[in-house]
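Worksheet: one structure, shown below.
Structure, rendered in structure tokens:
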């Protein structure tokens, strides 16, 4: 044995084991901060980072993650965090944490310093939004747009003095042009039929047949062969007459069908006028007064904004999840002679990251102390076989309670996220029940409950927000006298109730995103509003309809008159033609009959003559 | 070319050194194991430590490593097939599973067809190679050494002239 060699091996082994112990916590902290800041594109700060290789323990006293869109705000921050990780998986580049304790977790906190981070040269952070998170952002944008529309909904805008003339001046009534087009088409069609009826060969053919028939003189037919020949001629004429009859029948069918189509096309005029009326009504922004629109106007803004906040959290979660965690997908490597690995058990079939249990505590923006568990945070649920679940609860001054629970389940083919939030018992004193100008009253008393259920399956959203304000009393005196009829009616309607419930439903399960809001006071409002506002709206609608009708009626009458006149003319012409042809055909029929009678007569005569001759011969 | 000459010189030097035939053979078989198996394997760390710690000839180990690395490149498909046969053999399943479930053994990557195939082939080869090398060294020293020493090429390779050329070339290369 080489003693020097043994010493060398021992020294190398000692260095290999010892070097990790020589790396300072500050060095690791700086490296982690830099890596995370590059990925976040804004500063990520860790304070008092401690790493113990012997205990496999990591801790820090504070973590701040700057919001890249507003570097004076943190997306979130944590207080003290402690975690223990498993040793062996680290050798396979897997971080498995059994328990993580996190305190003072808070969302959207203000920063003391600017969190701008200059990306070092040579780094190319992913700045795009991942596809899944992009979908959430598009949904939140749609909901934001719906909220903005609700905020704009003003029933008090509806007035009696809508200037219909100036309104119509800005709108091109399309029905007039459409009727002009129809009139031209009809004129062209009638002209075609006029020419067809006037210049066809039917009448000439009928005259030729008549002439041929007339040329057959019954008086000149003296014997049977001449009669037979005449009959043959007349049979030929009958065939021609039948063909002519068919021709005129076809003409008659085409004529009647075409004329009926022309008449039917007039029916479109009412639809065109109706479309013009709708167009003018849309420009006049006449609202549809129904329970849905009232509920949306009063509570939609609040409820949808709440929902949007939670959707944005999910979007941020997805975006950061994809940025920081990445994926377990291995880069394609050439398999040449690298052999094949046999995985005899699933012992090492672990995800890159798996935090089995997070004990979390923190404070919400409403200063509610919140604590609970987050389980099975991982980058690959198929390997853990468990969805990410969370369950948090807390209370505010011993009165209001908040529970948040949900699951991010990516085990099946469809990614499913569900979130359920219940915030109940919060005080409504000195707050407004709605930001709508229709309810500008502070509350003297009352407690509120909000319950949110949100489920996202693949790209289908189904959500429900229930809001209950109980034992409420409005402070009408401080608001002063109602500023309008609508406000007065609303005040009357709500003064009789001490409980308001509202429900917002948002889903895109069968098409585009739909937002519906209903409340228990909808019908109360509806009855009161319908008495006044609906009458105003109906009146404005009537005036618009009348004005549009008056402008287009002349053109409609013009078209109708054209149809009536031209149709009558053509029908007369056609009847005349038909009569003439029928008369001539009747002559043919008559002649045919006469000829057949003549033939019979000649045959009878011939028979008698023959009989007489025989009798004479035999002396009878 | 210079490297080949250098190692031929080393081989000749080792063969004629004071090292015993088992030391030379030991170095050779250990180098052979490293050469035949994938280089970055946990067991090669142990083999390398053995080469350093045991009184085996390091030159022979390096020479064997170079020779068998080239052979291994061509033989990898055969190692894969043999490894597949081993790992799929029903008689050894419980052994493989228990090795796989032990983290230390798992570090050896014996669950890989090429690693285990080449390792076992290398182990089997030590049985004939080790005594063969001993025999070769003994026969060389007894019958061939004298004649080889008289060859002109050997004189050139072995003498200080080779060393001065070798150093000279390195200086020109700027090393």
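Residue numbers (the working numbering), protein chains in the order written: chain A, 1 to 620; chain B, 1001 to 1175. Just so it is clear, CB atoms sit at the ideal spot from N, CA and C, and this is done for glycine as well. Note that the structure is a prediction, hence the values are computed from the model and not measured.
Proximal residues of chain B, C-beta to C-beta of residue i below 8 angstroms
i	result
residue 9(A)	1049, 1052, 1053
residue 88(A)	1103
Coil, strand or helix - residue i by DSSP
i	result
residue 492(A)	helix
residue 354(A)	strand
residue 455(A)	strand
residue 445(A)	strand
residue 201(A)	coil
residue 628(A)	This structure cannot settle anything about residue 628(A), because the visible part of chain A is limited to 1 through 620.
residue 1082(B)	helix
residue 407(A)	strand
residue 223(A)	coil
residue 611(A)	helix
residue 99(A)	strand
residue 370(A)	strand
residue 267(A)	coil
residue 520(A)	coil
residue 380(A)	coil
residue 86(A)	coil
residue 340(A)	coil
residue 160(A)	Annotation note: pLDDT 46 at residue 160(A) (below 50); position unreliable, no value reported.
residue 332(A)	In this prediction, residue 332(A) has a pLDDT of 47, which is less than 50 and means its spatial position is unreliable; what the coordinates show is noted afterwards. Coil.
residue 186(A)	helix
residue 1200(B)	Residue 1200(B) lies beyond the residue range present for chain B, which begins at 1001 and ends at 1175; the question has no answer from this structure.
residue 1113(B)	helix
residue 64(A)	strand
Spatial neighbours of residue i in its chain, beta-carbon cut-off 7 angstroms, leaving aside the 5 residues before and after
i	result
residue 33(A)	44, 45, 46
residue 68(A)	40, 41, 42
residue 23(A)	none
residue 248(A)	202, 578, 581
residue 144(A)	308
residue 87(A)	56
residue 1122(B)	1032, 1033, 1036, 1037
Chain B contact residues for residue i, given Cβ-Cβ distances below 7 angstroms
i	result
residue 341(A)	1111, 1112
residue 6(A)	1053
Cross-chain neighbours of residue i in chain B, by beta carbon under 9 angstroms
i	result
residue 345(A)	1097, 1100, 1101
residue 1(A)	1053, 1054, 1055
Cutoff 8 angstroms; reference residue i; Cβ partners in own chain excluding five residues on either side
i	result
residue 108(A)	67, 73, 74, 75, 76, 365
residue 331(A)	Since pLDDT at residue 331(A) reaches only 48, below the 50 mark, its modelled position is unreliable, and no value is offered.
residue 471(A)	445, 446, 447, 498, 499
residue 28(A)	49, 51
residue 110(A)	72, 73, 74
Amino acids of chain A, ordered along the chain, whose beta-carbon sits closer than 7 angstroms to that of residue i
i	result
residue 1083(B)	339
residue 1009(B)	What residue 1009(B) touches in chain A: nothing, since even the nearest Cβ is about 23 angstroms away.
Cut-off 6 angstroms between Cβ atoms - residues of its own chain near residue i, not counting five sequence neighbours on either side
i	result
residue 333(A)	Residue placement at residue 333(A) cannot be trusted, given a pLDDT of 48 that sits under 50; what the coordinates show is reported in the next sentence. Closer than 6 angstroms at Cβ, skipping near neighbours: no residue.
residue 377(A)	355, 388
residue 1042(B)	1107, 1108
residue 978(B)	With chain B covering only 1001 through 1175, there is no way to say anything about residue 978(B).
Rounded Cβ spacing between residue i and residue j (contact assumed at less than 8 angstroms)
i	j	result
residue 449(A)	residue 468(A)	4 angstroms
residue 353(A)	residue 379(A)	5 angstroms
residue 94(A)	residue 350(A)	5 angstroms
residue 1061(B)	residue 1028(B)	7 angstroms
residue 602(A)	residue 224(A)	5 angstroms
residue 79(A)	residue 62(A)	6 angstroms
residue 439(A)	residue 432(A)	7 angstroms
Interface partners of residue i on chain A, CB under 8 angstroms
i	result
residue 1087(B)	342
residue 1019(B)	None at all; the shortest Cβ gap to chain A is about 12 angstroms.
residue 1014(B)	Within chain A, no residue comes near residue 1014(B); the closest Cβ sits about 16 angstroms away, beyond 8 angstroms.
Interface residues of chain A facing residue i [CB-CB closer than 9 angstroms]
i	result
residue 1025(B)	Correct list: empty, because the minimum Cβ distance to chain A is about 17 angstroms.
Proximal residues, the segment 1110-1128 of chain B versus chain A, C-beta separation under 7 angstroms: 1111, 1112, 1113, 1114, 1115
The segment 1052-1072 of chain B: positions lying closer than 8 angstroms to chain A by Cβ: 1052, 1053, 1054, 1055
Interfacial residues, the segment 343-374 of chain A to chain B, with Cβ spacing under 8 angstroms: 343, 344, 345, 347, 348
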